[in-house]
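Undergrad: Supplied in structure tokens, the structure appears directly below.
Protein chains: 4
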Amino acid sequence: MIRVGLVGYGYWGPNLARNFNSNSNCNLVRIADMSDKRRELAQRTYPNVDVVDDPARVTTADDIDIAVIATPVFTHYDLAKAALTYGKHVWVEKPMTSTHEQAIELVDLAESKGLTLMVDHTFLFTGAVMKMKELVDTNELGELYYFDSVRINLGLFQHDINVIWDLAPHDFAIMDYLLGPSARAVTANGSGHFATGLEDVAYVTVFYDNNLMAHFHLNWLSPVKLRRTVIGGSRRMLVWDDLNPEERIKIYDKGMEVETKEGLYRILATPRIGAMHSPVVPNTEALTLEVDYMLSCIANKQKPFNDGAAGARIVAMLEATDMSLRQQGKLVELKH
Amino acid sequence: MIRVGLVGYGYWGPNLARNFNSNSNCNLVRIADMSDKRRELAQRTYPNVDVVDDPARVTTADDIDIAVIATPVFTHYDLAKAALTYGKHVWVEKPMTSTHEQAIELVDLAESKGLTLMVDHTFLFTGAVMKMKELVDTNELGELYYFDSVRINLGLFQHDINVIWDLAPHDFAIMDYLLGPSARAVTANGSGHFATGLEDVAYVTVFYDNNLMAHFHLNWLSPVKLRRTVIGGSRRMLVWDDLNPEERIKIYDKGMEVETKEGLYRILATPRIGAMHSPVVPNTEALTLEVDYMLSCIANKQKPFNDGAAGARIVAMLEATDMSLRQQGKLVELKH
Amino acid sequence: MIRVGLVGYGYWGPNLARNFNSNSNCNLVRIADMSDKRRELAQRTYPNVDVVDDPARVTTADDIDIAVIATPVFTHYDLAKAALTYGKHVWVEKPMTSTHEQAIELVDLAESKGLTLMVDHTFLFTGAVMKMKELVDTNELGELYYFDSVRINLGLFQHDINVIWDLAPHDFAIMDYLLGPSARAVTANGSGHFATGLEDVAYVTVFYDNNLMAHFHLNWLSPVKLRRTVIGGSRRMLVWDDLNPEERIKIYDKGMEVETKEGLYRILATPRIGAMHSPVVPNTEALTLEVDYMLSCIANKQKPFNDGAAGARIVAMLEATDMSLRQQGKLVELKH
Amino acid sequence: MIRVGLVGYGYWGPNLARNFNSNSNCNLVRIADMSDKRRELAQRTYPNVDVVDDPARVTTADDIDIAVIATPVFTHYDLAKAALTYGKHVWVEKPMTSTHEQAIELVDLAESKGLTLMVDHTFLFTGAVMKMKELVDTNELGELYYFDSVRINLGLFQHDINVIWDLAPHDFAIMDYLLGPSARAVTANGSGHFATGLEDVAYVTVFYDNNLMAHFHLNWLSPVKLRRTVIGGSRRMLVWDDLNPEERIKIYDKGMEVETKEGLYRILATPRIGAMHSPVVPNTEALTLEVDYMLSCIANKQKPFNDGAAGARIVAMLEATDMSLRQQGKLVELKH
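Residue numbers (our numbering), protein chains in the order written: chain A, -9 to 326; chain B, -9 to 326; chain C, -9 to 326; chain D, -9 to 326.
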């Protein structure tokens, strides 16, 4: 049985522990966390798991096959590098690393060792995103006009990354999954209101191939919580409201009918109003599917679609937003 | 009794006609429109009003004291100039003119003739905006952190202006009213998907004094209609949902409590969750109040707060968005 | 051209005046109202219409073909009887009369004179109800299990009728239209909280053929306004939310899958969760269609489906609720 | 340390196990369930707890101080009686028993033995109900006019009880808590659509002292899930929407202003529209507080407010609904 070790039992770690623990194709054998309090909680919840303080007991130990890394971003590179070096498959939280250079180094290391390196972009395993992928792949929406995402709430501030690094990886990864690696340029504006100087409100625009513009509103200072994405297509339009579990995806048979007319008061386009359809979106926990998927990728020596290379592309986009922020929203081209 | 003439009986004209007609301090005496169909409708609704095709019968006629101009934007300057030249007070729809230069010329002309020139920024007369003005003036919200506005719907495309010129004047005028003339720089991104080339989806960021960032999402291609503004302040936060007549304004006693801590896993700020309060917002039709206000300004020789100078500032901002759009979102400074 | 006279320019009268006035197949020639203020308003809005105070100028005059009666309920019988006696077609507001006996007398009188007698159950001409009629007639919903309607708001109290007589006619008429005359028994509970003693909160249950139970929550004392109807069917379920113009009708492919099992903890039925569909519901003003329909019924000597007989059935149901209220919710059988 | 045994690890049992297990003032020592599958799940989750199949190992064992009973309703009486006989405090799920007679017998037995008998009406420990209790006790709402509750969803059918016995105990217990034992009479209508004959849609009206009418809509066949209660008071009105965690309680400063007027068209009452206020409602898990409360009641020999006597009153009301259902909604008086 594949043996799993988890580093980091903070905010997200417990969900990882629960899912790896309940999967019958692997054993959760060890959890490492530097906090006494978190270790105590982990031990109480999993009396049969080995709970330790030293991350090396996961990343370099002989009895671990998969190292799951759920620690602050700036530690990802070192921990993942150690684990790969010691022959472990790696599951790392998003964003993958602090720099694109680090990410590429990990990709190369995993490649050379024949190990699976997977970045946890959980949303890709939700019923909603799988449905959107299907709709895009079958051209149900037609030509894509725009992608508009709002992720705002009164936030749990992170002390080491700004709101873009915290929230945008979700959207960047979803777009990468839906469209493939077609992002071309990035612009970002934002502002921070507290002593850290880190942006807590930000707006990011990404330009993709084929005249597709995507826009992301990311905000830790909103009195209301919204998780809403609108996709405008030439054939249909879609709204994904992740906080509405009963009608998570709505597909609108709406659009514009355009005629060319002349004269002073002429309207050039009129709305086409059609029915709305809300398909069934499975509610299976995404993390459960993702753990299954990783185990299957390892067993079948298959490269996951959310592999290190995909994770690295997201980090490249995040670096580009930093560069744009420093230049008052200047357009930054992405090199691939 | 003050005599009113209206030029333009298209989309908005009927609302103006109804409000000027029902105000007991003025007489609606003439309506001009170039379309046979619109004239017929006007005459049927107002059998006692003189309905004509030539706008000059309003702008240059002896028996008109106020010329109300509700025609396409590119005609505003000529019509308003004629009316002012012939000694009429002018009510002109937003945006005031196609260029800032034209706007300034009209302001100077009105000034020199001692005439009232008022730009119809209707939202300034809604209960919601009046309530927000009160909250800002009394510092109920504290220091303002951001202003985020979403105006999206499946649109009535305009043939002569893009979605920014159509929808952003509302927000620009509201901000100008709330904060005074403190906009410093503008950036805009957008894209158009039809033959006109005019942007139908756009994002505009405006930088105000005191580190206040405002962002506007303007969209004619959205399957859902939203009119929502969020204001984040250091003391309280506010949501204005103009499509929710029962709870149009919500004030949240929410914010972030910030402490400086050290160490790896420390959170620097925690949410402060307080009550929400939705005050009574009067439902009086804004246009009714605005017509009253213009008549009172004329009677008292008082300068309206939505005067030509305010209208000109809005046009300057619109011009800046055009410039930014042409340079891929480059920051454009506003000169005042 | 058919000549129309309107009695009553109160709450609903202006809508009737506007629609009859703008229909090109009839002439609105006279409006009668006993209030000086309402007459003044009517005259200002319709300078070319004859505005009078005496209802007899409509009900008995030679130059009127259709008498439209929009006065308090207790006056309907006398006014409609006079109009029919003087050979006029009659449009009367709901509820048709104060008693079933009066209603039947009017039906007989209209019959004997060959005149059209139509009761204004406006909702039957809305896109939403027409869509529901289509779904019921084509068996899209399957066998009907229940009909649940909520009509609550902070109300405009009526001084002469209770909340059931005010609001239930809408639902009773919709059910009569959807199902035909199949109501069998009625039970009602309610309470009044003010000096009039009239019920301002009430619950009505109606039993129809085929084990169908309908329930109506009627309330003038609610802090929120709701207009929502749920229909449960064996094949599909439907929600009609009349305050949500964008998604007025939602059809759910949901139901229960029932298996017979044995044993202590066995569940007998599991939910079947399918997609939701919101069809396009035309937004044409119902009253506009209803005025057209009456004119067409008169022209073609066709009996309207919302004729006096239908109106009389609704009054019989209202009388039954009164009887049930007086006996603490006792079941009252309906005789047809 | 107080030792806890749980009987029943089905739908609700895992929540009880989790809360008793994590409370530091008691030990969860044993779980009994007749299903192999459920026992396996329990053992996996709690490797250190004794998992058995025989309920007597909880109800009659020497090493158990509190027996927690979370089994089908018809088994409650026997299990609770055994546990009390063997000197254990009892926590029993709602509804307490199948008959009022059984409930009274348990109350007497607990009384004679000096044991704590508590019925799990979880909602009484939610922030929302605690806030409502505070508002009623301080007369913030004024005189109560009505209480209207809607609990509908596409249901998990129970094989042994109808929808009233499943869902109404929540509301009956909340009313009993808010108002004390003041229910006077009950009427119920309902219908069942499947082979069991058990009602799956039902409407219950309860009459309380002081002209207060309460109404409950209970439905397992609804395409949408609602958990909404409206309370109308003379001073304020309240909406509790349990599915809206951000604005669970809304208090409306609304009501009717009543004047006595004369004449045909006079309105007797006009709405008073005031602000809406949504207070902070703590999100602490109700079960956590309830477990604490039971332990504290036992320690302090204090009678819980949700004791057997309160549970028995709820069962008496449920029995009355059965009687009313069998007589087509006849009013059934409650004897206390």
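Ideal Cβ placement from N, Cα and C applies to all residues, glycine included.
Computed from a predicted structure; not experimentally measured.
Mind checking if E237 of chain D is an interface residue toward chain B, Cβ cutoff 8 Å exclusive?
TA: Counting from one through the fourth sequence, the residue named residue 237 of chain D turns up at place 247. Closer than 8 Å: yes.
Undergrad: Give the range of the alpha helix (DSSP H) segment to which G298 of chain B is assigned.
TA: Sequence index remark: in the second sequence, residue 298 of chain B carries index 308 (1-based). Run containing G298 of chain B: 298 to 316, per the alpha helix (DSSP H) assignment.
Undergrad: How would you list, in chain order, the residues of chain A whose beta-carbon sits under 7 Å from the beta-carbon of P37 of chain D?
TA: Position 47 of the fourth sequence, counted from the first residue, corresponds to residue 37 of chain D. Neighbours of P37 of chain D on chain A, chain order: P37, N38.
Undergrad: Are M108 of chain A and N290 of chain A touching if we call contact CB-CB under 8 Å?
TA: Residue mapping note: residue 108 of chain A aligns to position 118 of the first sequence, counting from 1. Residue mapping note: residue 290 of chain A aligns to position 300 of the first sequence, counting from 1. No, the Cβ-Cβ distance between M108 of chain A and N290 of chain A is not below 8 Å.
Undergrad: Tell me the DSSP secondary structure of I239 of chain D in three-state form.
TA: Within the fourth sequence, the letter at position 249 stands for residue 239 of chain D. Strand at I239 of chain D.
Undergrad: What separation, rounded to the nearest whole angstrom, lies between the Cα atoms of D52 of chain B and G(-5) of chain B?
TA: Here residue 52 of chain B refers to the residue found at position 62 of the second sequence. Here residue -5 of chain B refers to the residue found at position 5 of the second sequence. Computed Cα separation, rounded: 11 Å.
Undergrad: For a contact meaning CB atoms closer than 7 Å, what does T177 of chain B contact in chain A?
TA: Start at 1 with the first residue of the second sequence, and residue 177 of chain B comes out as number 187. Going along chain A in sequence order, the residues near T177 of chain B (Cβ under 7 Å) are N179, G319.
Undergrad: On the DSSP bridge list, what partners appear for T50 of chain B?
TA: Locating residue 50 of chain B in the second sequence gives position 60, counting from the first residue. Per DSSP, none; premise fails for T50 of chain B.
Undergrad: So is V191 of chain A in contact with chain B if we call contact Cβ pairs under 8 Å?
TA: If you number the first sequence from 1, residue 191 of chain A lands on position 201. So yes, V191 of chain A belongs to the interface.
Undergrad: Where does M(-9) of chain A land, buried or exposed, given buried means 16+ other C-beta within 10 angstroms?
TA: Taking the first sequence and counting its residues from 1, the one referred to as residue -9 of chain A is at position 1. Classification of M(-9) of chain A: exposed, given that the 10 Å Cβ count is below 16.
Undergrad: Give a yes or no on whether the C-beta atoms belonging to A163 of chain A and R238 of chain A are separated by under 8 Å.
TA: What you label residue 163 of chain A is simply residue 173 of the first sequence in a count that begins at 1. What you label residue 238 of chain A is simply residue 248 of the first sequence in a count that begins at 1. Contact flag unset, no.
Undergrad: Count the other C-beta atoms from every protein chain shown that fall within 10 angstroms of the C-beta of P213 of chain B, then say buried if there are 16 or more, exposed otherwise.
TA: Counting from 1 along the second sequence, the entry for residue 213 of chain B is found at position 223. Per the 10 Å Cβ criterion, buried.
Undergrad: Between which two residues does the alpha helix (DSSP H) carrying A118 of chain D extend?
TA: For the purposes of this step, residue 118 of chain D is taken as the residue at position 128 of the fourth sequence. Where A118 of chain D is concerned, the enclosing alpha helix (DSSP H) stretches over 117 to 127.
Undergrad: Does the beta carbon of R226 of chain A come closer than 8 Å to any beta carbon on chain C?
TA: As a position in the first sequence, residue 226 of chain A is number 236, starting the count at 1. Cβ-Cβ to chain C under 8 Å: no for R226 of chain A.
Undergrad: Could you work out which residue in B:K84, B:F113, B:L74, B:I142 is closest to T49 of chain B when comparing CA atoms only?
TA: Taking the second sequence and counting its residues from 1, one reaches residue 49 of chain B at position 59. Looking at the Cα atoms, B:L74 is the closest of the given residues.
Undergrad: Is G319 of chain C near A178 of chain C, with beta carbons less than 8 Å apart?
TA: To locate residue 319 of chain C, count along the third sequence from 1; it is residue 329. To locate residue 178 of chain C, count along the third sequence from 1; it is residue 188. Yes, these two residues count as a Cβ contact at 8 Å.
Undergrad: If the cut is a Cβ gap below 8 Å, which residues of chain A does P377 of chain C touch?
TA: Shown here, chain C extends from -9 to 326; a query on residue 377 of chain C therefore has no answer.
Undergrad: Is the CB-CB distance between M122 of chain A and L228 of chain A below 8 Å?
TA: Numbered from its first residue, the first sequence carries residue 122 of chain A at position 132. Numbered from its first residue, the first sequence carries residue 228 of chain A at position 238. Yes, these two residues count as a Cβ contact at 8 Å.
Undergrad: Return the residue from the list C:A259, C:G(-2), C:Y198, C:E189 that minimises the CA-CA distance to V82 of chain C.
TA: As a first step, residue 82 of chain C must be located in the third sequence, where it is residue number 92. Nearest C-alpha to V82 of chain C: C:G(-2).
Undergrad: Can you find at least 3 beta carbon pairs, one from the stretch 54 to 69 of chain D and one from the stretch 7 to 24 of chain D, that sit closer than 8 Å?
TA: Yes, since at least three Cβ pairs between the stretch 54 to 69 of chain D and the stretch 7 to 24 of chain D fall closer than 8 Å, the two stretches touch.
Undergrad: Give the residues of chain D in contact with P45 of chain C, contact being defined as C-beta atoms less than 8 Å apart.
TA: Position 55 of the third sequence holds residue 45 of chain C. Those do not exist, as P45 of chain C stays about 12 Å from chain D at its closest Cβ, beyond 8 Å.
Undergrad: Look at the Cβ atom of I142 of chain B, then the Cβ atom of L308 of chain B, and state whether they are nearer than 8 Å.
TA: Against the second sequence, residue 142 of chain B aligns to sequence position 152. Against the second sequence, residue 308 of chain B aligns to sequence position 318. In this structure, L308 of chain B does not lie closer than 8 Å to I142 of chain B by Cβ.
Undergrad: Is it buried or exposed for S268 of chain C, if we count other Cβ within 10 angstroms and need 16 for buried?
TA: Numbered from its first residue, the third sequence carries residue 268 of chain C at position 278. Result: buried.
Undergrad: For D231 of chain A versus R218 of chain A, is the C-beta spacing smaller than 8 Å?
TA: Here residue 231 of chain A corresponds to residue number 241 of the first sequence, with the count starting at 1. Here residue 218 of chain A corresponds to residue number 228 of the first sequence, with the count starting at 1. Contact flag set, yes.
Undergrad: Are the CB atoms of L131 of chain A and G0 of chain A nearer to each other than 8 Å?
TA: Position 141 of the first sequence, counting from 1, holds the residue named residue 131 of chain A. Position 10 of the first sequence, counting from 1, holds the residue named residue 0 of chain A. The answer is no: Cβ separation not under 8 Å.
Undergrad: With a threshold of 6 Å on Cβ separation, who are the neighbours of P139 of chain D within its own chain once the five nearest residues in sequence on each side are excluded?
TA: Here residue 139 of chain D corresponds to residue number 149 of the fourth sequence, with the count starting at 1. Rather than Pro, the amino acid found at residue 139 of chain D in this sequence is Ser. Here the set comprises D161, F206, T219.
Undergrad: Report the neighbours of T195 of chain B on chain A: residues whose CB is nearer than 9 Å to its CB, in chain order.
TA: Against the second sequence, residue 195 of chain B aligns to sequence position 205. Result: N179, Y193, G319.
Undergrad: Please report whether the beta-carbon of A215 of chain B lies at a distance below 8 Å from any beta-carbon of chain A.
TA: Sequence index remark: in the second sequence, residue 215 of chain B carries index 225 (1-based). The amino acid occupying residue 215 of chain B in the given sequence is Lys; Ala does not appear at that position. No, no contact with chain A.
Undergrad: Please check the pair V42 of chain B and R20 of chain B, which I expect to be a contact at CB under 8 Å, by giving their CB distance rounded to whole angstroms.
TA: As a first step, residue 42 of chain B is located in the second sequence; it is residue number 52 there, counting from the start. As a first step, residue 20 of chain B is located in the second sequence; it is residue number 30 there, counting from the start. With a Cβ gap of about 6 Å, V42 of chain B and R20 of chain B count as contacting.
Undergrad: Measuring straight from C-alpha to C-alpha, what distance separates T128 of chain C and G187 of chain D?
TA: Taking the first residue of the third sequence as 1, we reach residue 128 of chain C at position 138. Taking the first residue of the fourth sequence as 1, we reach residue 187 of chain D at position 197. About 28 Å.
Undergrad: Beta-carbon of Y255 of chain C versus every beta-carbon of chain D: anything under 8 Å?
TA: Within the third sequence, the letter at position 265 stands for residue 255 of chain C. The pLDDT assigned to Y255 of chain C is 47, lower than 50, so where the model puts this residue is not dependable; a value taken from the coordinates is nonetheless given after this. At least one chain D Cβ lies under 8 Å of Y255 of chain C.
Undergrad: In three-state terms, what does DSSP make of P269 of chain D?
TA: What you label residue 269 of chain D is simply residue 279 of the fourth sequence in a count that begins at 1. In the structure shown, P269 of chain D sits in coil (DSSP, three-state: anything other than H, G, I, E or B).
Undergrad: Considering R218 of chain D, what are the terminal residues of the beta strand (DSSP E) in which it resides?
TA: By 1-based counting over the fourth sequence, the position of residue 218 of chain D is 228. Residues 211 to 223.
Undergrad: Can you name, in chain order, every residue of its own chain whose Cβ lies under 6 Å from the Cβ of P159 of chain D, other than the five neighbours on each side?
TA: As a first step, residue 159 of chain D must be located in the fourth sequence, where it is residue number 169. Taken in chain order, the residues that qualify are K84, P85, I304.
Undergrad: For Q33 of chain C, which residues of its own chain have a beta-carbon under 7 Å away from its beta-carbon, when the five flanking residues on both sides are left out?
TA: Here residue 33 of chain C refers to the residue found at position 43 when the third sequence is read from its first residue. Result list for Q33 of chain C: V41, in chain order.
Undergrad: Look up H207 of chain B in the DSSP assignment and give the residues it is bridged to.
TA: Position 217 of the second sequence, counted from the first residue, corresponds to residue 207 of chain B. In DSSP, H207 of chain B forms a bridge with B:V140, B:Y193.
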